[in-house]
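In this note's numbering, the protein residues as written are 104 to 388.
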């Protein structure tokens with residue numbers, strides 16, 4: 104038997120009850136975290152746009168039990184051995200973020216706009232030299248210290264914890280209990296939930312990479328584009344930090360010609376999907 108348990112207490116659980124909004128958000132993101140873990144296990148690695156198929160559902164299916172008192176306690180049970188391993192994978196991802204939060208991990212991120220300008224100056228002066236896309240695949244950026252799956256899983260857990268962090272949550276707590284082939288309990292109050300968020304929300308620009316793409320869509324309002332990587336046909340988001348850079352890319356979109364440019368991977372919580380991860384535009388080649 105494997106189990107996941109949510110235990111809300113404090114102001115969020117008045118008279119042993121919680122709101123529909125609280126349940127809807129916590130259930131959705133809990134299931135999403137398990138789905139992301141399963142997809143990584145099933146595919147060998149997780150990609151940004153990986154999606155669950157109907158045929159996968161039985162291996163990530165937990166049955167909802169009757170809620171219990173003591174705040175608001177609800178269990179999700181399964182006897183599926185695959186799901187046990189999925190639960191273990193979620194625990195592993197949470198462990199890393201909780202440990203970093205306990206150790207007061209510093210967020211050294213700077214504003215993206217400033218980072219882009221820094222990369223432009225470094226390239227112009229020769230301090231940095233771009234690598235090609237195949238080199239990125241073979242040797243990930245040194246700032247990529249985690250699997251993309253870790254980032255995807257804890258991002259979902261962080262959404263559940265936003266219920267505790269919220270200003271209107273008052274004095275509320277959430278206890279997450281997981282039982283797979285091992286067990287773990289994580290207790291969060293507002294301070295711990297905030298520390299967790301600061302860790303998993305860390306974002307930095309990686310080192311410059313040369314890309315060759317086709318632009319499939321441009322959004323002038325948001326200075327962004329959808330691009331198709333010529334080398335592997337994967338789709339990614341490309342972001343521009345100023346209108347001039349955006350305008351320079353427009354002719355490639357209008358004439359559907361290949362655009363070669365230098366961009367920087369957008370690394371979130373020490374992870375980046377080299378196939379479909381977001382990229383920030385630096386300059387044309």
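Just so it is clear, CB atoms sit at the ideal spot from N, CA and C, and this is done for glycine as well. A quick note: this is a predicted structure, and the numbers were derived from the prediction, not measured.
Exercise. Are the Cβ atoms of residue 277 and residue 128 separated by less than 8 Å?
Worked result: For residue 277 and residue 128, no; Cβs fall outside 8 Å.
Exercise. Would a C-beta distance cut-off of 8 Å place residue 381 and residue 372 closer than the cut-off?
Worked result: Going by C-beta atoms, residue 381 is not nearer than 8 Å to residue 372.
Problem set entry | Where residue 290 sits in the DSSP three-state scheme | Strand.
For this session: Return the bridge partner residues of residue 351 from the DSSP annotation.
Result: Partner(s): none; residue 351 has no beta bridge.
Problem set entry | Cβ distance (whole Å) where residue 105 is taken to contact residue 195 below 8 Å | Their Cβ separation, rounded to whole angstroms, is 15 Å, which puts residue 105 and residue 195 out of contact at 8 Å.
Problem set entry | Minimum C-alpha distance to residue 178 - residue among 355, 279, 357 | Checked all of 355, 279, 357; the closest Cα to residue 178 is 279.
Exercise. Does the Cβ of residue 109 have 16 or more other Cβ atoms within 10 Å, making it buried, or fewer, making it exposed?
Worked result: Under this definition residue 109 is a buried residue.
Exercise. When the Cα atoms are used, what is the spatial distance from residue 144 to residue 252?
Worked result: Approximately 9 Å between the Cα atoms of the pair.
Problem set entry | Collapsed DSSP secondary structure at residue 399 in the structure displayed | Nothing can be reported for residue 399: it is not among the residues displayed for the chain, which extend from 104 to 388.
Exercise. Between residue 326 and residue 355, is the Cβ-Cβ spacing less than 8 Å?
Worked result: Taking 8 Å as the cut-off, the beta carbon of residue 326 is found no closer than this to the beta carbon of residue 355.
For this session: Give the DSSP-derived three-state secondary structure of residue 135 in the structure shown.
Result: In the displayed model, residue 135 falls within a helix according to three-state DSSP.
Exercise. So residue 377 packs on residue 243, CB below 8 Å; how close in whole Å?
Worked result: The C-beta separation of residue 377 from residue 243 comes to about 7 Å, placing the pair in contact by the 8 Å criterion.
Problem set entry | Residue nearest to residue 340 in terms of C-alpha spacing, selected from 359, 351, 361, 317 | Comparing Cα-Cα distances from residue 340 to each of 359, 351, 361, 317, the minimum goes to 317.
For this session: On the DSSP bridge assignment, give the partners of residue 300 in chain order.
Result: In DSSP, residue 300 forms no bridge with anything.
Problem set entry | Member of 386, 256, 117 whose CA lies at the smallest distance from the CA of residue 313 | Among 386, 256, 117, the Cα nearest to that of residue 313 belongs to 386.
Problem set entry | Under the three-state DSSP convention, the category residue 119 falls into | In this structure, residue 119 counts as coil in the three-state DSSP scheme.
Exercise. Over what stretch of residues does the alpha helix (DSSP H) that includes residue 258 continue unbroken?
Worked result: First-last of the alpha helix (DSSP H) with residue 258: 251–268.
Problem set entry | Whether residue 175 touches residue 159 by CB criterion (8 Å) | Remark: C-beta atoms of residue 175 and residue 159 do not approach each other more closely than 8 Å.
Problem set entry | Residue range of the beta strand (DSSP E) that includes residue 274 | Taken as a continuous stretch (DSSP letters only), residue 274 belongs to no beta strand (DSSP E), as it is neither H nor E.
Exercise. Which partner residues of residue 308 appear in the DSSP bridge assignment?
Worked result: Partner(s): 369.
Exercise. What is the DSSP secondary structure of residue 236, counted as helix, strand or coil?
Worked result: If DSSP states are grouped into helix, strand and coil, residue 236 belongs with the helices.
Exercise. By the 10 Å Cβ neighbour count, where 16 or more other Cβ atoms means buried, how is residue 136 classified, buried or exposed?
Worked result: Flag for residue 136 reads buried.
For this session: Might you give, ordered along the chain, the residues of its own chain that have their beta carbon closer than 8 Å to the beta carbon of residue 226, omitting 5 neighbours on each side?
Result: Here the set comprises 232, 233, 311, 365, 385, 386.
Problem set entry | Contact belief for residue 247 with residue 374 at Cβ below 8 Å, rounded distance in angstroms | That pair is a contact at about 6 Å.
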